[in-house]
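Working notes for the structure below.
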Amino acid sequence: MSKERYPLDVYRHSASHILAYAVKELFPGVKFGIGPSIEDGFYYDFDRQDPFATEDLVKIEEKMREIINADSIFEKIEVDRKEAEKNLKDAGAAYKLDLLAEIPGQKVTFYKCGDFSDMCRGPHVPSTGEIKAFKLLSVAGAYWRGSEKNPMLQRIYGTAFYSQKELDEYIQRLEEIKKRDHRKLGKELDLFSIHQEEAGPGLIYWHPKGALIRRIIENFWVETHLKNGYDLIYSPHIARTGLWKTSGHLNFYKENMYPPMEFENESYMLKPMNCPGHIMVYKTQTRSYRDLPLRWAEMGTVYRYEKPGVLHGLLRVRGFTQDDAHIFCRKDQIEDEVSGVLKLTSFFLGKFGFKDYVMYVSTRPEKYVGTLENWEVATSALKTALEKNETKYQIDPGEGVFYGPKIDIKIKDALNREWQCTTIQVDFNLPAAFKLSYVGEDSKEHEPIMIHRAILGSFERFMAILIEFYNGAFPLWLAPVQVKLIPIADRHNEYSRKVKETLAEKGARVAIDEDNQTLQAKIRLAQMEKVPYMLVIGDKEVSENTVSVRSQKGGNAGAIKIEEFVGKFEGELKE
RNA sequence: GCCCAUGUAGCUCAGAUGGUUAGAGCGCGUCCUUGGUAAGGACGAGGUCACCGGUUCAAUUCCGGUCGUGGGCUCCA
C-alpha cells in the first residue's frame with residue numbers, strides 16, 4: 031500500500047467500484063448504471079428485479095471488506111471503441127452501451143479489479159486495500175439519467191473517508207442534522223403543525239409561539255421596508271382566470287396552479303404569484319418617469335401545486351408566504367435598484383446572523399422573451415450592481431428565467447449547508463403582457479422594467495432554516511418567550527408576578543412557571559423550551575428584591591437587582 | 001408522479017406464527033410534597049392499532065386498494 035493521499039473523490043469513486051464489484055459477486059445478473067463520487071460520498075445505480083433490502087447493505091458491506099482485504103489492483107485497460115462495444119453487447123450491459131455512445135474518441139478505458147471490470151474514465155486508487163473507511167448509507171430509486179421516462183434503477187448511497195475518525199465525524203454530523211431537523215424541533219417547541227390527512231398535505235398551521243416569531247419577523251420586515259423607500263400593498267388571493275392568461279402563467283406555470291373555481295359563470299384561480307396583483311395597482315394611474323422607481327412590497331401568500339413526493343416540512347409546501355416586492359423602474363435604474371436590494375439583503379441576512387452566502391447570476395436561457403438588447407442591459411446591470419457592492423458571484427449560464435436574468439443568493443448555515451432564499455429577477459415579459467407604460471421626459475410612452483425580489487424567499491422556508499440554524503434556540507429578539515420566571519415555592523408566586531409586570535412593561539415577553547414542581551424540573555423544562563433567560567425566585571430574592579439569572583447557554587449567573595437585569599436585557603436587545 | 005420503507009395513546013416507541021381486558025416512558029388530570037439551578041412521589045384518564053375492502057369461525061396482525069409520512073429521483077420559494 032502506498033502512503034500517497036489521493037483526492038477524496040478518487041477515493042470514493044474507487045469505493046463505488048468496490049461496491050459494484052461486491053454487488054456483482056452477491057447478486058449475479060444485476061446490470062450496472064453509473065457509480066460516481068458525489069459531494070458527501072458516492073453511489074452506484076443498479077438494475078435488478080428485486081430491490082435491495084436494508085439488510086442487503088450489511089451483506090454487501092461485508093463483501094466489500096473482503097475485496098478490500100484482498101487488496102486487488104485496479105488495472106487500467108485501454109480498449110478500442112469497437113471492441114468495447116462488442117464486449118458490452120455480449121455482456122448485455124445496456125446502460126454502459128448508452129454511456130459509450132456519448133464518449134468521444136476511438137479509445138475507451140476500463141478498470142479491471144479482480145473479476146470485475148467496468149468502463150470508467152478513472153482515475154482510481156492503485157488497489158482496493160487503499161480504502162480504509164467506508165459505509166453504505168441508504169438505498170433509493172433513481173431514474174436512469176434522471177429522467178422520469180427512463181427505467182428506475184436501485185441506487186445505493188455510501189461514503190468513504192481517509193480515516194475512520196473522519197467517517198465517524200461525518201456520521202455524527204448526520205446525526206446532528208437529524209437532531210436539528212425543523213420538523214422535529216417544530217413539534218418539540220410547539221411552533222407549527224401540518225395536518226396532512228385531515229386538512230391536506232403541504233399546508234402549515236402556526237401555533238402561538240411560531241405565529242409570534244412570524245409576527246416579530248413581519249414587523250421588522252415592514253419597518254425596514256418602509257425605511258428603505260418601499261410602500262406596502264395588499265392583493266387578493268384569487269383572480270379571474272383571464273388575468274393569469276394575460277400574465278402568461280397559464281402558459282408557463284399551469285402545472286403548478288390549482289384548477290379554476292367556477293361560479294357566476296366566471297372562472298377564478300388561486301394565485302401562484304403576486305405580480306399580476308401588483309400590476310393591477312400600477313395600472314390605476316398614468317405613471318410619469320418622475321414616479322419611478324415604484325417599490326411595492328407585500329407579504330403575499332401564494333398557492334402552488336407541488337407533486338406529493340416533493341413536499342418536505344416547511345421547506346417545500348403548497349401554500350406559502352413570500353416576502354415579495356416588485357420594483358417598477360426605467361431601464362437606466364435597474365443597476366441602482368438591484369444594488370439597493372443587495373444592500374437590503376445583506377442587512378436582513380446579517381440581522382439573522384447569516385454571514386456566509388454565495389451569489390449566482392443566471393443568464394439568458396435558450397427559450398426567452400424580450401429583446402437581446404434588453405437582456406444585455408439587464409444582465410450587465412446585475413453584474414455591475416454586484417461588483418459595486420464588492421460582492422463575489424458565480425455565473426449560471428442559461429439558467430435565467432424565460433422572462434429575464436436573475437440573481438440568486440444562497441446562504442450557508444451552521445452545518446455548512448446551502449439554502450436558497452433571496453432571488454432578484456428582472457422581468458421584461460409582464461410589462462409587455464400587460465402593456466404597462468410610463469410617460470417619459472419626451473412625453474412619449476415607454477415600457478417600464480419590473481424587478482421581482484424576495485429577500486427571505488418564503489416565510490415558511492426561512493423559518494425552517496432559522497429553526498435549524500439556531501437549533502431551536504432563537505436569539506433574544508425572536509424568542510417567543512424571552513424570560514421565564516421560576517418561583518421556587520408557592521409563597522414566591524406573588525413576588526414573581528410583580529417581577530413579570532415590571533418586565534412586561536419594558537416590552538419583554540415573560541412567562542411564569544407556577545406549576546407544583548421542583549426547581550430542577552422547572553429549569554429542565556425551561557432549558558428544553560430553549561428560553562434565553564430563566565429567573566429563579568426564592569426567599570433570598572424576595573427579601574433582597576433581586577432575581578437569580580440563569581441563561582440558556584451560560585448557566586447560573588447569580589442574583590442581581592431587577593433594574594440591573596432590565597438594563598442588561600435591553601442592552602442585549604439593542605445589539 | 002416513480003422506487004423502497006413506513007402509519008399502534010397528544011408525543012417517542014414496544015408488541016402479538018390471526019384468538020377474550022393492546023403495553024411502556026413522557027405529557028395530561030387529581031392528591032401528597034414547598035423544593036436553590038436539567039426529571040420528588042402516588043393514583044387516574046387517554047387507543048375503531050391511518051382509512052376502505054377481501055380472505056377467515058375470528059383481522060390491529062395476512063392480502064388488495066386509498067390517504068399520508070420518511071429516504072431518493074425529478075422539480076423548486
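For the first sequence, our numbering begins at 31 and goes up steadily by one. For each residue, glycine too, the CB sits at the ideal point set by N, CA and C.
Taken in chain order, the whole beta strand (DSSP E) runs of length 3 or more contained in the segment 275-340 are 291-293, 296-300 and 324-333.
The three-state reading of DSSP puts Q582 in coil, since its state is none of H, G, I, E or B.
Between the segment 72-85 and the segment 176-191 there are three or more inter-stretch CB-CB distances shorter than 8 Å, so the stretches are counted as touching.
In the DSSP assignment, K112 forms no beta bridge with any residue.
Looking at the DSSP output, A484 sits in a beta bridge with D354 and T453. In the DSSP assignment, L38 falls within the alpha helix (DSSP H) that extends over L38 to L56. Under the criterion of beta carbons closer than 8 Å, F140 and D148 qualify as touching, at roughly 7 Å. Beta-carbon to beta-carbon, S392 and K440 are separated by about 12 Å, too far to satisfy the 8 Å threshold.
Secondary structure note for D198: its alpha helix (DSSP H) is the uninterrupted segment Q194 to R210. As a beta-bridge residue in DSSP terms, T576 pairs with K591. For Q184, the enclosing beta strand (DSSP E) begins and ends at M182 to F191.
Take V540, set aside five residues on each side of it, and the residues of its chain with a beta-carbon closer than 6 Å to its own are V513, K530, L533 and A534, in chain order. Between the C-alpha atoms of N286 and V332 there is a straight-line separation of about 11 Å. In this structure, the CA atom of Y283 is about 38 Å from the CA atom of E205. It is roughly 24 Å from the alpha-carbon of I567 to the alpha-carbon of P505.
Three or more beta-carbon pairs separated by less than 8 Å link the segment 331-347 to the segment 293-307, which places the two stretches in contact. With three or more CB-CB distances shorter than 8 Å, the segment 314-325 counts as touching the segment 354-362.
The beta-carbon distance between C150 and E105, rounded to whole angstroms, is 12 Å. This is too long to meet the 8 Å contact definition. Judged by their CB atoms, P231 and P66 are not nearer to each other than the 8 Å cut-off. Judged by DSSP secondary structure, Y390 falls outside any alpha helix (DSSP H) and instead within the beta strand (DSSP E) spanning Y387 to S392. F378: member of the alpha helix (DSSP H) spanning I364 to K381, first to last residue.
Around the beta carbon of S46, a 10 Å sphere encloses 16 or more other beta carbons of the protein chains shown; the residue is thus reported as buried. For L344, no alpha helix (DSSP H) encloses it, and the DSSP letter there is neither H nor E. Segment contact: the segment 240-247 against the segment 306-317, fewer than three CB-CB distances shorter than 8 Å; contact not assigned.
Rounded to the nearest angstrom, the gap between the Cα atoms of K361 and Q455 is 14 Å. Closest in C-alpha terms to E292, from the list R270, L280, G278 and K275, comes R270. Take V388, set aside five residues on each side of it, and the residues of its chain with a beta-carbon closer than 6 Å to its own are K440, in chain order. Membership of K137 in any alpha helix (DSSP H) is not indicated; the residue belongs instead to the beta strand (DSSP E) covering K137 to C143.
For R270, the uninterrupted beta strand (DSSP E) run begins and ends at I268 to R270, by DSSP.
A100 and S410 have their C-alpha atoms spaced approximately 58 Å apart. With contacts defined as CB atoms closer than 8 Å, S102 and S168 fail to qualify as a contacting pair. Spanning the alpha carbons of K583 and M493 requires a straight line of approximately 22 Å. A172 is the residue among D198, Y41 and A172 whose C-alpha sits nearest the C-alpha of G63.
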